[in-house]
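First the structure, in the form of structure tokens, and then the observations on it.
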Amino acid sequence: MSQRGRAKLNQYSKGVSHSSRLSRTVNDFSQASALNDTLHIQQAHSIDNYTCSKNTSEASQYIVERYGMSWADSEGKMRRLLATLVTRSQSSHEGLLELDSKLKMLANKVNSYASSSTNQLDTSKRACLLLEQVIEMKANFYERLDSALNQLRELSIAHSSTLQALDAEKQRVEVLTKEADQLRVDYSTCRDANAAQAASLTDTQMQLLETSSFLENAKKNITVLSDENAQLRDSLQLTSHELMRIKAVHCNQNESFEALLERSSAREQTLLRELDELQLAYAKEKDLHATRTERIHHLSSEISSLQKQVSKQRRRARIYKLKTGQLRRTAKELKVMVRKNTAMGTHDNELLTQKDAQIVAIVKKLEEYKARAKKVSSYECKLASQRGEIEKLSTYVAALEQDLDRYKAKRLKLSAPTKVITASKDGKSVQLSVSDDGPRSEGLFASTRNYCAVL
């Protein structure tokens with residue numbers, strides 16, 4: 001195994017690449033789901049608060065002019081992005097669990113290969129190479145998972161900025177609603193003042209009618225008493241002048257009263273128009289209030305469903321915590337097993353070095369034995385050639401021994417005195433026994449036998 005593979009295997013055995021990354025992915029997945037739920041709730045509340053003060057068509061038109069797209073399009077886009085990111089995180093979590101199971105299987109295989117025998121070094125090397133490839137795949141997978149989580153964070157930041165902008169718009173709309181309420185109060189005060197002015201005008205009209213009736217009665221009395229009051233013509237002239245002046249004043253008052261009537265009629269028409277507009281606005285507000293109440297009921301049902309989903313997610317988070325605890329315990333057990341395997345590996349390496357030294361010494365001895373065997377083979381060839389000659393001589397000697405035995409038997413039968421003849425050849429002395437009574441051929445044969453025996 002290479003140094004890089006051992007380092008990655010040690011890192012995996014220590015639990016850095018297993019438990020911490022797994023817990024981090026679980027936390028990121030739970031945070032993403034919680035963020036998605038909170039974003040949906042905030043979107044619903046922001047839409048309701050924004051549409052409380054405006055009509056739906058006006059609000060949609062304002063959002064299109066302000067942000068370049070409608071609220072439904074932006075919300076759909078955000079939901080699609082969040083759904084894709086959540087599916088990616090789920091798939092990445094499933095892939096992580098699969099890689100974890102594969103790593104456990106490969107670690108068990110490596111342990112079995114290392115503990116079985118030293119003859120399986122090639123298989124253990126292959127397993128280590130496969131383990132290195134899987135660890136590299138896992139690192140690449142974690143990098144892709146980190147990039148997806150960064151994209152999710154950036155998307156949540158952008159969504160929070162849009163929500164802040166909507167909150168600012170909501171505050172501005174609240175200010176406008178306050179101003180509209182103030183205008184309504186001012187309109188009510190103006191209407192009360194106009195009603196008071198109309199009442200005062202009616203009182204003046206009644207007074208003018210009473211004065212006109214009084215003047216008519218006075219005229220009648222003057223015509224009736226004209227004859228009787230001849231003496232009082234001077235005074236009547238004076239009174240006539242005064243009456244002319246009063247008539248002029250009365251005409252002026254009538255003209256001013258007609259002008260006031262025209263003004264009040266125009267004001268009443270404008271007020272009636274404003275009342276019609278306010279009635280239409282009140283009807284629209286009533287419809288909006290009904291739609292809002294329906295929307296609030298719908299949102300309450302959605303909130304209850306979301307609370308149920310949150311409780312389910314909490315249960316899943318508890319299950320994930322239990323599973324992570326189990327995985328941590330298995331990681332600790334794997335650490336202990338890896339430490340034992342490293343100790344056994346060092347002991348096996350020491351034994352391999354000793355056996356390599358023994359093999360080198362044995363190879364040297366074999367080379368020496370081969371050199372000696374070559375020498376022995378040359379000697380054996382020589383001995384084989386000499387053995388053939390020796391076998392021939394042995395057959396010849398056996399035949400001579402048989403002849404000697406025959407000769408001894410005959411000699412014992414005859415028991416005649418023998419003559420001993422000494423002969424020398426090449427510095428070697430030979431004794432030849434020759435019988436006088438025996439034939440000459442047997443004596444020569446015996447002499448040759450003794451010579452061969454000496455040889």
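Just so we're aligned, residue 1 is where the sequence shown starts under the UniProt record's numbering, counting upward by one.
By construction, the Cβ of each residue, glycine as well, lies at the ideal position given by its N, Cα and C atoms.
Whether residue i touches residue j by CB criterion (8 Å)
i: serine 264; j: alanine 193; result: no
i: valine 134; j: leucine 99; result: yes
i: leucine 271; j: leucine 201; result: no
i: leucine 215; j: glutamine 253; result: no
Three-state class that DSSP yields for residue i in the structure shown
i: glutamate 242; result: helix
i: glutamine 237; result: helix
i: glutamine 164; result: helix
i: glutamine 253; result: helix
i: glutamine 431; result: Caution applies to glutamine 431, whose pLDDT of 48 falls short of 50 and renders its modelled position unreliable; the value that the coordinates give is listed next. Looking at glutamine 431 - three-state DSSP - the assignment turns out to be strand.
i: glutamate 179; result: helix
i: glutamine 231; result: coil
i: cysteine 52; result: Low confidence applies to cysteine 52: its pLDDT is 42, below 50, so where it sits in the model is not reliable, and the reading given next is rough at best. Residue state, collapsed to three classes: coil.
i: lysine 425; result: Its pLDDT being 43, under 50, lysine 425 is placed unreliably by the model, and the measurement read from it follows with that caveat. Strand.
i: leucine 39; result: Because leucine 39 sits at a pLDDT of 47, beneath the cut-off of 50, its placement in the model cannot be relied upon, and the point is left open.
i: alanine 453; result: The predicted position of alanine 453 is uncertain, since its pLDDT is 47 and thus under 50; no value can be drawn from it.
Exposure label - residue i; buried when at least 16 CB within 10 Å
i: valine 338; result: buried
i: serine 101; result: exposed
i: glutamate 132; result: buried
i: isoleucine 157; result: exposed
i: asparagine 341; result: buried
i: leucine 334; result: buried
i: leucine 280; result: exposed
i: lysine 370; result: exposed
i: residue 460; result: Residue 460 cannot be examined here, being either before or after the span of the chain that is shown, 1 to 455.
i: serine 424; result: Here serine 424 scores only 46 on pLDDT, less than 50, and its place in the model is too uncertain to base an answer on.
i: cysteine 393; result: The amino acid at residue 393 is misidentified as cysteine; the sequence shows leucine. Flag for leucine 393 reads exposed.
i: leucine 129; result: exposed
i: leucine 322; result: exposed
i: leucine 152; result: buried
i: leucine 166; result: buried
i: leucine 352; result: exposed
i: leucine 238; result: exposed
i: leucine 366; result: exposed
i: leucine 383; result: exposed
i: leucine 412; result: exposed
i: leucine 176; result: exposed
Given residue i as reference, the closest of the options once Cα atoms are compared
i: leucine 275; options: Leu404, Thr353 and Arg184; result: Arg184
i: threonine 87; options: Val360, Ile135, Leu149 and Thr223; result: Leu149
i: tyrosine 187; options: Lys332, Glu143, Asn349 and Arg273; result: Arg273
i: residue 473; options: Asp181, Glu154 and Ser91; result: Residue 473 cannot be examined here, being either before or after the span of the chain that is shown, 1 to 455.
i: tyrosine 142; options: Ser161, Ser91, Arg126 and Ala168; result: Ser91
i: aspartate 203; options: Glu174, Gln171 and Phe257; result: Phe257
i: leucine 327; options: Glu285, Lys104, Thr84 and Glu94; result: Lys104
i: cysteine 190; options: Glu136, Glu268, Glu210 and Glu350; result: Glu268
i: lysine 247; options: Gln231, Ser212, Thr223 and Asn217; result: Ser212
i: glutamine 80; options: Leu97, Leu155 and Leu145; result: The sequence as given places arginine at residue 80; glutamine does not occur at that position. Of Leu97, Leu155 and Leu145, the residue nearest in Cα terms is Leu155.
Task: Every unbroken alpha helix (DSSP H) inside the region 125–149 [4 residues or more] - done: Counting only runs of 4 or more, we get nothing.
Open item on the list: Ignoring anything shorter than 4 residues, give me the alpha helix (DSSP H) runs that lie fully in the region 276–338, in order along the chain.
Closed with: You should have found no qualifying run.
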